[in-house]
Amino acid sequence: MIRFNFIFYILLYRFDYAKEVQPDNFMGFLKASCQSGHYSSAELEKKAKEEELAKRKEEEQRKRRMLKRWL
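Residue numbers for the sequence shown follow numbering that gives the first Met the number 0, so the first one is 0 and each next one is one higher.
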C-alpha cells in the first residue's frame, strides 16, 4: 500500500508539472517524463552532492587533526 501511495504522488506531481509547462502533446510529455525519471535522478544527484560535501568535510577534519599533531 505504501508503494502505491508513493507512485500515485509521483504521478500526481508529474501531472501537475506537465500542466504548468503546457506542451503541445500533453500525454506524450507526461509519458516521456515518467520514463526518463528526471525527478528521481534529480533526487539522486542531490544526494550525491550531499555525500560529496560530507566527504570533503571529513577530509578537511582529518587534515586539521594531522596538522594539530605536528604542531
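Even for Gly, the Cβ is constructed at its ideal location relative to N, Cα and C. Keep in mind that this is a model prediction, so the values were computed, not measured.
Residue i to residue j span [Cα, whole Å]
i, j, result
"F14", "M65", "53 angstroms"
"A47", "I6", "23 angstroms"
"Q60", "W69", "15 angstroms"
"Y16", "K56", "36 angstroms"
"M0", "R63", "For M0, the predicted structure reports a pLDDT of 48, less than 50, and the residue's modelled location is therefore unreliable. A value from the coordinates is still provided. C-alpha separation (whole angstroms): 49 angstroms."
"M26", "E44", "26 angstroms"
"Q34", "E50", "26 angstroms"
"L52", "E58", "10 angstroms"
"N4", "A31", "21 angstroms"
"K54", "K67", "20 angstroms"
Min CB distance residue i to chain B below 7 angstroms
i, result
"R55", "This model lacks chain B altogether; it includes just one protein chain."
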